[in-house]
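**Q**
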Amino acid sequence: MSKLTKLVRTPRIFMRDALDKRYPLRKLRPKIKEANASEKPTAVLVGFSDWKSWMVDALPDYHVVFLGHSPRVADALLRAIPKFDDVTVFVWSYKYPDALNEICAANNIDMVYVEDGFIRSVGLGIKKSAPLSLVFDKSAMHFDRHRVSGLDRLLNTVEFSNEPDALGLADRVITLAKSGVTKYISAESADNIADHFYREPGVRNILVLGQVEDDMSILCGMAKPMTGNDFVRLVALNYPDANIFYRPHPEAIERRKKHYSNPNDVNGMCQIVGRRWSLNETFQIVDEVHAMTSLAGFEAAIQGLEVHTYGMPFYAGWGFTTDHGPSDIAQKRQRSLSLREVVAGAYVLYPQYFDPISQRPVPADRGIAMADAMNRRLKHGMRVKAAMAAKPCVRNGSAQTGPSELLPVNGSAIETPYIRTEQIVAAIRDAARRM
């Protein structure tokens with residue numbers, strides 16, 4: 544909406560926003576007063592999108608103040624942060640103004656980096672669903688090859704032989720991953736993926752993983768960032784006789800930008816796996832996986848596939864991947880670890896899990912149980928849909944809605960495929976209690 548249109552349609556909102564921009568401290572002063580009167584320490588969230596209001600529930604021990612809803616925050620607002628008593632600044636990944644580093648350092652204010660955890664949600668983050676897990680790191684983001692993150696430190700120092708509970712939960716995560724749980728829990732297609740792609744007998748089948756091309760993990764984790772198409776070309780040149788599958792990142796397809804490479808441009812050297820197929824299904828038709836910094840590379844390793852990395856993701860360099868990335872990876876890895884130990888660190892000890900309904904923090908075992916419940920719920924839904932598709936129905940014609948509205952041709956009742964929210968909540972919580 545243009546400024547003129549906004550002025551004509553919503554003059555009050557236009558004037559309010561204009562005043563906020565001209566006098567940025569106008570709204571902040573009462574927030575500072577309220578926060579300083581609170582018994583809780585203050586969490587100032589800089590540049591979080593407005594749909595991430597669930598962060599209030601995710602930080603129950605803090606009085607939460609949102610400072611802007613994009614990385615472009617007025618300098619006057621940033622310089623007012625030290626006026627909060629007992630304050631900690633939270634930023635989303637590295638998406639914040641450069642001046643914030645200087646302000647926090649000069650005033651001895653802690654900065655915490657926040658990102659999605661490695662089991663995120665049912666559906667893509669771009670759909671604005673609340674996360675099942677988040678990571679909070681006071682040092683750096685886990686994908687930053689130039690800095691030592693909290694996850695790097697954890698994996699380098701934790702004595703996993705003294706963490707039997709974490710290793711037990713890691714085994715559970717591995718089992719879940721093999722049953723289809725990935726970062727974005729998604730339903731699988733009713734069709735057999737192998738029937739839709741060509742695999743030549745005796746030829747190596749390689750999956751090339753695309754990523755969102757302007758993602759911070761590529762910018763900070765690669766020695767030289769590449770587009771998805773360039774990555775396909777690189778793998779194709781190195782393995783000219785291989786059968787190559789390319790899976791562009793679903794978010795990159797969902798939200799196309801002009802500068803993103805077009806997968807169709809490399810269609811002649813690979814088979815493109817679209818959004819129709821889940822990541823777990825795609826793993827079933829390949830022998831090895833090539834990743835820049837994608838978490839899906841780690842998920843492939845959990846599935847038992849050979850994995851090649853070209854950047855410095857957190858799972859590279861420990862001994863169970865073939866790494867073609869920056870040579871300085873050895874400087875960040877001070878020992879070898881098993882895949883099970885890295886799973887324990889990354890999925891159990893590092894993230895914070897949340898109840899998907901209340902958004903309140905929960906222990907790792909409960910969060911992982913809820914991921915399992917969500918996955919089983921989706922699988923059940925797919926079975927119901929498949930059964931419904933195989934059994935023709937006619938409309939009852941009555942005024943009733945819901946289960947009684949759909950009847951099979953022979954007149955016997957069919958359970959409704961429509962699942963209410965309260966049923967999902969009850970199913971998730973019931974399943975979590977039994978685990």
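Just so you know, we're using our numbering here: the sequence shown kicks off at 544 and counts up by one. Backbone N, C-alpha and C define an ideal beta-carbon position, used for all residues, glycine too.
Tell me the DSSP secondary structure of residue 601 in three-state form.
**A** Within the sequence shown, the letter at position 58 stands for residue 601. Helix at residue 601.
**Q** What would DSSP say about residue 634, mapped onto helix, strand or coil?
**A** If you number the sequence shown from 1, residue 634 lands on position 91. Looking at residue 634 - three-state DSSP - the assignment turns out to be strand.
**Q** For residue 853, which residues of its own chain have a beta-carbon under 6 Å away from its beta-carbon, when the five flanking residues on both sides are left out?
**A** Position 310 of the sequence shown, counted from the first residue, corresponds to residue 853. Here the set comprises 835, 867 and 868.
**Q** For residue 749, which beta-bridge partners are listed by DSSP?
**A** Taking the sequence shown and counting its residues from 1, one reaches residue 749 at position 206. Note: residue 749 sits in a beta bridge opposite 787 and 831.
**Q** Candidates 575, 875 and 677: which alpha carbon is nearest residue 597's?
**A** Along the sequence shown, read from residue 1 onward, the residue named residue 597 stands at position 54. Of 575, 875 and 677, the residue nearest in Cα terms is 677.
**Q** Does the segment 922-932 come within contact of the segment 694-706, defined as at least 3 CB pairs closer than 8 Å?
**A** no
**Q** Which residue from 847, 872 and 848 puts its Cα closest to that of residue 859?
**A** Counting from one through the sequence shown, the residue named residue 859 turns up at place 316. Among 847, 872 and 848, the Cα nearest to that of residue 859 is on 872.
**Q** Count the other CB atoms, across all protein chains shown, that sit within 10 Å of the CB of residue 636; report buried if there are 16 or more and exposed otherwise.
**A** Taking the sequence shown and counting its residues from 1, one reaches residue 636 at position 93. With 16 or more Cβ atoms within 10 Å of its Cβ, residue 636 is classed as buried.
**Q** Based on the DSSP secondary-structure assignment, which residues constitute the bridge partners of residue 727?
**A** As a working note, residue 727 is residue 184 in the sequence shown. In DSSP, residue 727 forms a bridge with 664.
**Q** Should residue 923 go down as buried or exposed, given a rule of 16 or more other Cβ atoms within 10 Å for buried?
**A** Here the question's residue 923 lines up with position 380 in the sequence shown. So residue 923 counts as exposed.
**Q** Go through its chain and collect everything with a Cβ distance to residue 804's Cβ below 7 Å, but skip five positions before and after it.
**A** Position 261 of the sequence shown, counting from 1, holds the residue named residue 804. 756, 770, 771 and 772.
**Q** Looking only at C-alpha atoms, which of 841, 753, 816 and 796 sits nearest to residue 737?
**A** Start at 1 with the first residue of the sequence shown, and residue 737 comes out as number 194. Nearest option by C-alpha distance: 816.
**Q** Taking only runs of the alpha helix (DSSP H) that begin and end inside the segment 679-745, which ones reach a length of at least 4 residues, in chain order?
**A** Taking only runs of at least 4 residues, the alpha helix (DSSP H) segments lying wholly in the segment 679-745 are 693-700 and 707-721.
**Q** Grab the span of the beta strand (DSSP E) containing residue 654 for me, first residue to last.
**A** The residue you call residue 654 lines up with position 111 of the sequence shown. Looking at the DSSP string, the run of the beta strand (DSSP E) that includes residue 654 is 654-659.
**Q** Can you list, in chain order, the residues of its chain with a C-beta nearer than 8 Å to that of residue 718? Leave out the 5 residues immediately preceding and following it.
**A** Position 175 of the sequence shown holds residue 718. Result list for residue 718: empty, nothing under 8 Å.
**Q** Is there contact between the segment 911-927 and the segment 741-756, where contact requires at least three CB pairs shorter than 8 Å?
**A** Fewer than three beta-carbon pairs drawn from the segment 911-927 and the segment 741-756 are found closer than 8 Å, and the two stretches are therefore not classed as touching.
**Q** Give the range of the beta strand (DSSP E) segment to which residue 842 is assigned.
**A** For the purposes of this step, residue 842 is taken as the residue at position 299 of the sequence shown. Annotation: residue 842 is outside any beta strand (DSSP E); the continuous alpha helix (DSSP H) that includes it extends over 838-845.
**Q** Between residue 788 and residue 813, is the Cβ-Cβ spacing less than 8 Å?
**A** In the sequence shown, the residue the question calls residue 788 occupies position 245. In the sequence shown, the residue the question calls residue 813 occupies position 270. Residue 788 is a Cβ neighbour of residue 813, given a cutoff of 8 Å.
**Q** Quick one: what does DSSP say residue 905 is sitting in, helix, strand or coil?
**A** Numbered from its first residue, the sequence shown carries residue 905 at position 362. Strand, per DSSP.
**Q** Can you give the Cα-Cα distance for residue 779 and residue 829, rounded to whole angstroms?
**A** What you label residue 779 is simply residue 236 of the sequence shown in a count that begins at 1. What you label residue 829 is simply residue 286 of the sequence shown in a count that begins at 1. For residue 779 and residue 829, the distance between alpha carbons rounds to 15 Å.
**Q** Suppose you measure from the CA of residue 878 to the CA of residue 851; what does that come to, to the nearest Å?
**A** As a first step, residue 878 must be located in the sequence shown, where it is residue number 335. As a first step, residue 851 must be located in the sequence shown, where it is residue number 308. If I take the Cα positions, the gap works out to 19 Å.
**Q** Do you know offhand how far residue 794's Cα is from residue 624's?
**A** Taking the first residue of the sequence shown as position 1, residue 794 is located at position 251. Taking the first residue of the sequence shown as position 1, residue 624 is located at position 81. Going by the C-alpha atoms only, they are around 34 Å apart.
**Q** Can you tell me which of the three DSSP states residue 848 falls into?
**A** By one-based count along the sequence shown, residue 848 stands at place 305. If DSSP states are grouped into helix, strand and coil, residue 848 belongs with coil.
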